[in-house]
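Protein chains in written order, with my numbering: chain W, 4 to 172; chain C, 61 to 162. We treat Cβ as the ideally placed atom computed from N, Cα and C, and that holds for glycine. This report concerns only the one structure given below.
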């Protein structure tokens, strides 16, 4: 039973890594966002194979559905054209990406070494369904839900205020 | 029971976080810097869900929900700032983002 799920985990993880790498290296912003949607959808498959179906659904609905559509609308509002692509090519050429890539790779190698050499035993075979998550969310984590709602309310007020057109003198 | 080892889930989260960090450092477009921050938050979420699944507890998924709420709030405010900045300066170059308080 766990054979196909294992294979799905590794395939989806590979798709997530490749599409994320493509997303951060595109010159056109819309292409980067489309690759990022693929990355989020494959991470949703990873969540499902880890036994977290509720979070997989929310990843599709909120991350790939709401947040990325917000990004796409902003890109459409900004009217980015070929001038920006040429400028982006100029910024991204040469050794601009080499230093950050090497430093991040060193940090990643350290993290992988610590994970592999540490005491992280056990498998991801347990399924935690929506019922358990909901009971814990509205039980011991109630204060967190309230704080998150206040954070979102503050974000709504802030975004509305910032995007208001000031009156032209 | 031959399931996926927990370390592979954590390593996937680490890889996504490192890719996001590299993108944050190497891009000069403010929009793609925000995209890289989203990738980093997503990598942290993968690690949380993997840990929650390892011990069959809902806490990892709940932490992911809080990360989701924080990401949504951050993106809405940051994109509003970005649109305002683009109207003011006509570019998304991060190097020109100085003297914003003047």
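Go ahead and pull the three-state DSSP assignment for residue i.
| i | result |
| --- | --- |
| residue 65 of chain C | strand |
| residue 102 of chain C | helix |
| residue 126 of chain W | strand |
| residue 111 of chain C | helix |
Just the C-alpha distance for residue i and residue j, rounded to the nearest angstrom, thanks.
| i | j | result |
| --- | --- | --- |
| residue 6 of chain W | residue 52 of chain W | 11 angstroms |
| residue 18 of chain W | residue 46 of chain W | 9 angstroms |
| residue 163 of chain W | residue 72 of chain C | 36 angstroms |
| residue 150 of chain C | residue 63 of chain W | 33 angstroms |
| residue 157 of chain C | residue 126 of chain C | 30 angstroms |
| residue 79 of chain C | residue 99 of chain C | 8 angstroms |
| residue 82 of chain C | residue 137 of chain C | 23 angstroms |
| residue 126 of chain W | residue 115 of chain W | 17 angstroms |
| residue 121 of chain C | residue 55 of chain W | 7 angstroms |
| residue 9 of chain W | residue 145 of chain C | 46 angstroms |
| residue 133 of chain C | residue 151 of chain W | 9 angstroms |
| residue 43 of chain W | residue 24 of chain W | 13 angstroms |
| residue 140 of chain C | residue 165 of chain W | 6 angstroms |
| residue 124 of chain W | residue 12 of chain W | 18 angstroms |
| residue 20 of chain C | residue 87 of chain W | The shown model of chain C, from 61 to 162, leaves out residue 20 of chain C, and the question about it has no answer. |
| residue 131 of chain C | residue 69 of chain W | 11 angstroms |
| residue 50 of chain C | residue 134 of chain W | Outside the displayed range of chain C (61 to 162) lies residue 50 of chain C, so it cannot be described from this structure. |
| residue 68 of chain C | residue 168 of chain W | 48 angstroms |
| residue 27 of chain W | residue 58 of chain W | 24 angstroms |
| residue 95 of chain C | residue 36 of chain W | 8 angstroms |
Give the C-beta separation of residue i and residue j to the nearest angstrom, bearing in mind that I take them to be a contact with Cβ-Cβ under 8 angstroms.
| i | j | result |
| --- | --- | --- |
| residue 140 of chain W | residue 148 of chain W | 6 angstroms |
| residue 49 of chain W | residue 118 of chain C | So it is not a contact: roughly 18 angstroms between Cβ atoms. |
| residue 113 of chain C | residue 129 of chain W | 6 angstroms |
Could you tell me whether any non-hydrogen atom of the ligand NAD is closer than 7 angstroms to the CB of residue i?
| i | result |
| --- | --- |
| residue 163 of chain W | Of the ligands one can find in the structure shown there are none, so the ligand NAD has no counterpart to examine. |
Among the options, which one has its Cα closest to the Cα of residue i?
| i | options | result |
| --- | --- | --- |
| residue 158 of chain W | C:135, C:117, C:69 | C:135 |
| residue 79 of chain W | C:131, C:132, C:133, C:142 | C:142 |
| residue 102 of chain C | W:101, W:117, W:66 | W:66 |
| residue 104 of chain W | C:154, C:111, C:86 | C:86 |
| residue 105 of chain C | C:153, C:133, C:129, C:88 | C:129 |
| residue 75 of chain C | C:107, C:63, C:152, C:95 | C:107 |
| residue 33 of chain W | W:99, W:74, W:106 | W:74 |
| residue 64 of chain C | C:148, C:153, C:110 | C:110 |
Could you list the residues in the stretch 32–50 of chain W with a C-beta less than 8 angstroms from some C-beta on chain C, going in chain order?
If the cut-off is 8 angstroms between Cβ atoms, the stretch 32–50 of chain W has 32, 35, 36, 39, 42, 43, 46, 49, 50 near chain C.
Contact set between the stretch 118–131 of chain C and chain W, restricted to residues whose Cβ is under 8 angstroms from the partner
Hits within the stretch, in order: 118, 119, 120, 121, 122, 124, 125, 126, 128, 129, 130, 131.
In chain order, what residues of the stretch 134–148 of chain W put their CB closer than 7 angstroms to some CB of chain C?
Along the stretch 134–148 of chain W, going in chain order, the ones with a CB nearer than 7 angstroms to a CB of chain C are 135, 136, 139, 140, 144, 147.
Listed from N- to C-terminal order along the chain, which residues in the stretch 146–157 of chain C have their beta-carbon within a distance smaller than 7 angstroms of any beta-carbon of chain W?
Result list: 146.
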